[in-house]
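> Sequence positions in the sequence shown follow full-length UniProt numbering and run 1 to 292.
Heads up, the beta-carbon is just placed ideally off N, CA and C, and yes, glycines get one too.
This one's a predicted model, so the numbers in the text were calculated from it and none came from an experiment.
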Amino acid sequence: MDLFFKYLEYEKRYSPHTLTSYHTDLGQFADYLQEVYQISDAAEADHAIIRSWLLSLVQRHLEARSINRKIACLRSYYRFLLSQQRIQVNPMLRIKAPKASKKLPGFVLEQPFNNLLDTFEFEETFEGYRDKLILEFLYGTGIRLAELIGVEHADLNMHARTVRVLGKGNKERIIPINDSLHATIELYLVAKKTEVADNNSEKLLVTTKARPLYPKFVYRVVKKYISLITTSDHNSPHTLRHSFATHLLNKGADLNAIKDLLGHASLAATQVYTHNSIEKLKSIFEKAHPKA
């Protein structure tokens with residue numbers, strides 16, 4: 001398993017989030033093999049044993065999306081074992097994934113969130129500017145949580161007003177910086193220079209002790225402020241990524257352009273946002289069609 005995770009990290013360039021999830025999934029599978037079948041090596045498991053584990057997950061009412069992620073993990077793992085000649089037959093070839101219902105991505109309403117950014121009195125301190133920058137960055141660029149944490153000073157081009165982002169599969173993309181985000185970055189950089197001691201970190205976003213931010217920290221900040229404008233459960237960093245795409249689409253942005261900004265590999269992943277914009281489409285239809 002250690003070799004497998006090194007392969008995913010250094011050769012396949014999987015994101016830290018995916019690696020953490022796969023660690024959890026394989027660990028749970030290994031525990032099941034040991035407890036139920038007294039098997040200590042996953043290479044000894046056949047398709048019937050794997051299917052019994054998946055069935056146990058269904059019986060525990062685990063969502064189909066979560067089960068499919070575990071199946072994806074096992075598929076990668078057994079393909080790796082096959083390539084290493086640890087097994088002769090891939091047991092996952094006989095495993096079918098359950099159909100998962102497609103959940104529409106949650107988003108915040110445009111006006112309330114922009115009012116929050118424009119009128120909320122963030123503290124004029126390093127922490128206050130950092131909190132606002134987290135919100136502005138996620139909503140203003142649509143980048144993922146892992147991409148935000150990975151942004152370095154060298155990735156910013158304040159003159160050209162762009163930021164270079166390293167996305168999934170180690171793919172780079174350039175995203176424009178809007179005026180509001182640009183102004184917040186400048187305030188943050190001044191506060192960071194004057195208030196954070198011993199700050200030699202290459203990372204843009206850091207704690208008060210000059211350490212790079214971590215996922216739970218960003219989650220807490222986003223939840224804290226989104227909770228001020230909505231009681232919805234959609235209050236994660238990814239909610240702001242969804243909001244970025246939905247609001248662009250509502251304003252008439254081209255779907256291909258949104259795809260490139262989000263760093264999606266295919267247009268199919270971006271098309272889900274068209275469902276969120278149905279009310280906007282209805283409004284346009286009612287105003288424009290002679291029979292509406």
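Looking only at its own chain, which residues have a Cβ that is under 6 Å from the Cβ of L133, when we skip the five neighbours before and after it?
In the sequence shown, residue 133 corresponds to position 133, counting from 1. Only T184 and Y188 meet the Cβ criterion.
> Tell me the rounded alpha-carbon separation between E195 and S21.
In the sequence shown, the residue the question calls residue 195 occupies position 195. In the sequence shown, the residue the question calls residue 21 occupies position 21. Distance between the alpha carbons of E195 and S21: 36 Å.
> By DSSP, does R86 sit in helix, in strand, or in coil?
On the sequence shown, position 86 is the one that residue 86 refers to. Here R86 sits in coil by DSSP.
> Assuming Y78 and P98 make a contact with CB atoms under 8 Å, what is their CB distance in whole Å?
For the purposes of this step, residue 78 is identified with residue 78 of the sequence shown, where counting begins at 1. For the purposes of this step, residue 98 is identified with residue 98 of the sequence shown, where counting begins at 1. Actually they do not touch by this definition, with Cβ atoms about 18 Å apart.
> Let's see if you can read the secondary structure: which residues bound the beta strand (DSSP E) around I39?
Counted from its first residue, the sequence shown places residue 39 at position 39. Note, I39: premise wrong, no beta strand (DSSP E); not H, not E.
> Per DSSP, what kind of secondary structure is N20 in: helix, strand or coil?
By one-based count along the sequence shown, residue 20 stands at place 20. The sequence shown places Thr at residue 20, rather than the Asn named in the question. Here T20 sits in helix by DSSP.
> Between which residues of its own chain and D25 is the CB-CB distance below 6 Å, once the five residues before and five after are set aside?
Mapped onto the sequence shown, residue 25 falls at position 25. Result list for D25: K70 and C73, in chain order.
> Look at the alpha carbon of V163 and the alpha carbon of I143, and state the distance between them as a whole number of angstroms.
As a working note, residue 163 is residue 163 in the sequence shown. As a working note, residue 143 is residue 143 in the sequence shown. In a straight line, the C-alpha of V163 is about 10 Å away from that of I143.
> Quick one: complete alpha helix (DSSP H) runs, 4+ long, within the region 207 to 262?
DSSP runs (the alpha helix (DSSP H)) wholly in the region 207 to 262: 215 to 226, 237 to 250 and 255 to 262.
> Mapping DSSP to helix, strand and coil, what is L93?
Numbered from 1 along the sequence shown, position 93 holds the residue referred to as residue 93. Looking at L93 - three-state DSSP - the assignment turns out to be helix.
> Rounded to whole angstroms, what's the CA-CA distance from R211 to R65? Just pull it up for me.
Counting from one through the sequence shown, the residue named residue 211 turns up at place 211. Counting from one through the sequence shown, the residue named residue 65 turns up at place 65. Using only the alpha carbons, I get a separation of about 34 Å.
> If you run the structure through DSSP and keep just helix, strand and coil, what is T274?
Counted from its first residue, the sequence shown places residue 274 at position 274. Three-state DSSP puts T274 in a helix.
> Determine, using beta-carbon pairs with one atom in the region 241 to 257 and one in the region 219 to 229, whether at least three such pairs fall under 8 Å.
No, the region 241 to 257 does not touch the region 219 to 229.
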